[in-house]
Amino acid sequence: MKTDWWKKAVLYQVYPRSFQDSNGDGVGDLKGITQRLPYLEKLGINAIWLSPVYQSPMDDNGYDISDYQAIAPEFGSMEDMDELIAKGHEYGIKIIMDLVLNHTSDEHMWFQEALKGPENPYHDYYVWADEPNGLKSSFSGSAWEYVPHLNKYYLHLFSKKQPDLNWKNPAVKEEIYKMINFWLDKGVGGFRLDVIDLIGKEPEQEITADGPTLHPLIKELNQHTFGSHDVVTVGETWSANLENAPIYSNPDGSEFSMVFQFEHVLLDQQPGKEKWDLAPLNPADLHKVMTKWQTGLVGKGWNSLFWNNHDLPRAISRFASDSPEYREISGKMLAIYLHFMSGTPYIYQGEEIGMVNTPIRDISEADDIESRRMYAERLEEGYTKEEIIHSINVKGRDNARRPLAWTSEENGGFTKGKPWLALNDNYSWLNVEAALADEHSLFYTYQKLVALRAQYPVMAEGQFEALETGNDLVLAYRKFDQNDEFTILVNFSQEEQEYSLSAEGQVFLHNYASPSKNSSTLRPYEALVFKK
Ligand code: TEU
Ligand code: CA
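The numbers in the UniProt record's numbering rise by one with no breaks, and the one at position 338 of the sequence shown is 338.
Structure representation (structure tokens):
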């Protein structure tokens with residue numbers, strides 16, 4: 001039976017390399033996650049979206065899979081995976097697997113066979129061309145790689161160790177269906193589908209996202225696999241817009257439960273350029289985008305709500321302030337602003353304790369393939385080292401991938417060995433233990449918001465109405481249904497702001513020790529929720 005449990009749920013993303021190491025090799029692992037289930041239960045979340053843990057040479061930290069039905073030894077074994085799923089059930093926490101279906105690793109058996117030549121049955125599992133065209137890889141450079149002994153090029157929209165699968169080949173689809181059903185049989189709670197908007201690509205026409213066969217392919221995938229199961233599915237779709245999101249997340253269940261749309265994380269870059277080409281965020285634009293998605297999917301689809309993930313910088317550093325004075329206050333503001341919105345919220349590991357970006361001084365401190373490749377490319381194009389490092393510090397993916405700090409012990413209690421990537425130096429005071437010990441910490445705001453969602457259906461499904469405040473930096477909305485009504489009011493700036501809005505009801509939630517007395521000014525990053 002389909003219960004749509006995910007409509008009331010809050011999901012938590014675990015980036016396994018960086019969550020908890022259990023054996024001292026410096027890499028987070030499955031046993032580490034299982035050990036920390038009580039912490040996640042305390043936070044109150046309902047499911048974990050687990051970034052890839054499959055066998056992989058880790059060219060892109062697991063988004064390059066060499067066997068979909070095996071666990072990477074550094075993360076543990078299939079027994080560890082089964083145990084995590086089983087223990088998760090005991091804690092009421094489902095496990096959502098990350099499915100990377102657009103490409104495999106070049107070390108996958110299929111690709112190794114494909115390289116043997118056109119007669120090999122696996123050759124057509126991938127996309128080949130006699131001549132490269134203008135398609136670019138997301139990780140810089142051409143998307144085509146030459147194979148001398150075949151005198152052909154293969155397509156890789158990501159790194160050259162991530163060859164694209166050929167979704168026009170029925171055999172590929174059959175393999176994928178079997179694999180997904182293997183995971184469904186294990187009792188997983190659902191799937192996050194990596195760059196799924198690319199599988200309908202028409203490389204010859206340089207069409208990648210939103211190809212003509214995309215939605216038929218997704219519908220077929222749904223029918224052969226998760227469609228009949230009570231699971232959550234969320235597509236990662238950088239190209240999602242209000243036209244296609246209702247197709248992806250049609251309430252008839254023919255595609256996914258929901259998609260990640262990224263419009264709000266594209267606002268602080270120069271239009272038409274790359275994410276590295278920085279531009280200041282205008283809070284009024286953010287509010288417009290959020291309002292558009294809150295009102296545009298009503299009755300037609302379902303929203304996902306997130307500020308950050310393993311590809312994005314830390315939310316507090318990006319959208320608010322990571323200064324000692326405002327880190328927690330502004331983090332609470334962001335949490336409150338987002339969690340009263342309709343849809344399913346996602347918390348990225350460490351967000352709940354207010355982890356911040358970790359600047360580097362030199363490219364040798366970077367791990368991420370995207371940053372390293374961009375650095376090389378832009379140096380050649382004439383950018384200065386300083387400019388590039390600045391962009392990496394603001395937008396680079398390592399910011400989110402630094403290990404989670406649990407205690408003030410060495411390496412934050414993340415590992416007893418040498419961490420695969422250094423922690424942020426602040427771990428001695430910014431860690432889970434410290435957050436739990438302080439009853440006013442950001443953690444408890446998240447815990448409260450998660451609990452409120454279960455209590456007040458209006459948060460996930462109520463009607464949304466944006467409110468005028470007379471000040472572009474003060475964002476407000478009303479959320480209501482037949483039973484409840486909340487007004488959310490936040491100062492999205494580091495200065496005191498005047499506003500004009502008379503919210504109805506009593507202050508229900510706030511982020512300073514006590515709420516503003518004055519009903520026409522808000523302190524820096526102040527957030528108020530009124531309940532009628
Ligand atoms: O990300 C999709 C993607 O397009 C990323 O390259 C994203 O654009 C970039 O990180 C942000 O600028 C997914 C995964 O989430 C990411 O970790 C993988 O590297 C990528 O797919 C390839 O599988
Ligand atoms: Ca380990």
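Using N, Cα and C, we set each Cβ at its ideal position, and we do this for glycine too. Small disclaimer: the values here were computed from a predicted structure and weren't measured.
Nonlocal neighbours in the same chain, by C-beta distance under 7 angstroms from residue i, ignoring five residues either side
| i | result |
| --- | --- |
| I85 | I95, K186, G187, V188 |
| A503 | T487, L489, F530 |
| N181 | T225 |
| M1 | D230 |
| N250 | G301 |
| R372 | I363, A366 |
| Q69 | M179, F182 |
| I207 | K201 |
Residues near residue i in its chain [Cβ-Cβ closer than 6 angstroms; skip 5 each side]
| i | result |
| --- | --- |
| E485 | K532 |
| F262 | W238 |
| D25 | G417 |
| residue 534 | Outside the displayed span of the chain (1 to 532) sits residue 534, for which this structure offers no information. |
Heavy atom of ligand 2 within 7 angstroms of residue i beta-carbon
| i | result |
| --- | --- |
| S51 | no |
| S18 | no |
| G28 | yes |
| D80 | no |
| S77 | no |
| S22 | yes |
| D25 | yes |
Any non-hydrogen atom of ligand 1 closer than 7 angstroms to residue i Cβ
| i | result |
| --- | --- |
| F161 | Residue 161 is actually Lys in this sequence, not Phe. Every heavy atom of ligand 1 is 7 angstroms or more from the Cβ of K161, so no. |
| S138 | yes |
| Y477 | no |
| F158 | yes |
| V195 | yes |
| D60 | yes |
| Y348 | no |
| W238 | yes |
| K275 | yes |
| R372 | no |
| Y54 | no |
| Y126 | no |
| Y248 | no |
| residue 534 | In this structure the chain extends from 1 to 532, so residue 534 is not present and cannot be described. |
| Y512 | no |
| Y154 | no |
| R397 | yes |
| Y63 | yes |
Straight-line gap, residue i to residue j (C-alpha atoms, nearest Å)
| i | j | result |
| --- | --- | --- |
| A400 | G470 | 35 angstroms |
| G301 | D425 | 42 angstroms |
| D285 | W110 | 45 angstroms |
| M333 | N491 | 8 angstroms |
| L305 | G117 | 45 angstroms |
| E365 | G62 | 20 angstroms |
| D60 | S159 | 8 angstroms |
| E325 | W429 | 14 angstroms |
| I388 | Q269 | 14 angstroms |
| F480 | M290 | 17 angstroms |
| R327 | K152 | 52 angstroms |
| residue 533 | M459 | The shown model of the chain, from 1 to 532, leaves out residue 533, and the question about it has no answer. |
| V147 | H156 | 13 angstroms |
| A240 | P313 | 20 angstroms |
| A451 | P38 | 16 angstroms |
| D472 | G462 | 24 angstroms |
| L99 | L193 | 5 angstroms |
| L115 | L214 | 27 angstroms |
| G343 | N483 | 18 angstroms |
| E204 | S140 | 19 angstroms |
Cut-off 8 angstroms between Cβ atoms - residues of its own chain near residue i, not counting five sequence neighbours on either side
| i | result |
| --- | --- |
| T521 | E496, Q497, E498, Y499 |
| L242 | K292, W293, G296, L297 |
| E41 | Y91, G92, I93 |
| I65 | P52, Y54, Q55, S56, V100, T104, S105, H108 |
Distance cut-off 7 angstroms: residue i Cβ against heavy atoms of ligand 4
| i | result |
| --- | --- |
| H310 | Inclusion of ligand 4 in the displayed structure is not the case, the ligand content consisting of ligand 1 and ligand 2 alone. |
Short CB-CB distance (under 8 angstroms) between residue i and chain D
| i | result |
| --- | --- |
| S502 | Chain labels in this structure do not include chain D; a single protein chain is all it has. |
Below 8 angstroms, how does it come out for the stretch 497-513 and the stretch 306-321: are there three or more Cβ pairs, yes or no? no
Cβ contact (3+ pairs, closer than 8 angstroms) linking the stretch 108-124 and the stretch 220-234: no
Uninterrupted alpha helix (DSSP H) stretches inside the stretch 334-388 (no shorter than 4 residues): 369-381
Every unbroken beta strand (DSSP E) inside the stretch 57-109 [3 residues or more]: The stretch 57-109 contains these whole beta strand (DSSP E) runs: 67-71, 94-99.
Could you tell me which uninterrupted alpha helix (DSSP H) segments, each at least 4 residues in length, are contained entirely in the stretch 171-244, listed from first to last along the chain? 214-224
Closer than 8 angstroms is the cut-off here; do at least three beta carbon pairs connect the stretch 352-361 with the stretch 437-453? yes
Hey, is the stretch 132-143 in contact with the stretch 88-105, meaning 3+ C-beta pairs nearer than 8 angstroms? Counting C-beta pairs closer than 8 angstroms gives fewer than three between the stretch 132-143 and the stretch 88-105, which falls short of the contact rule.
Would you check if the stretch 390-404 and the stretch 154-174 touch, i.e. whether three or more CB-CB distances between them fall below 8 angstroms? no
Between the stretch 171-181 and the stretch 70-86, are three or more C-beta pairs nearer than 8 angstroms? no
Ignoring anything shorter than 3 residues or poking outside the stretch 247-287, list the beta strand (DSSP E) runs there in chain order. 258-260
Which full runs of the beta strand (DSSP E) of 3+ residues lie inside the stretch 444-493, going along the chain? 463-467, 474-480, 485-491
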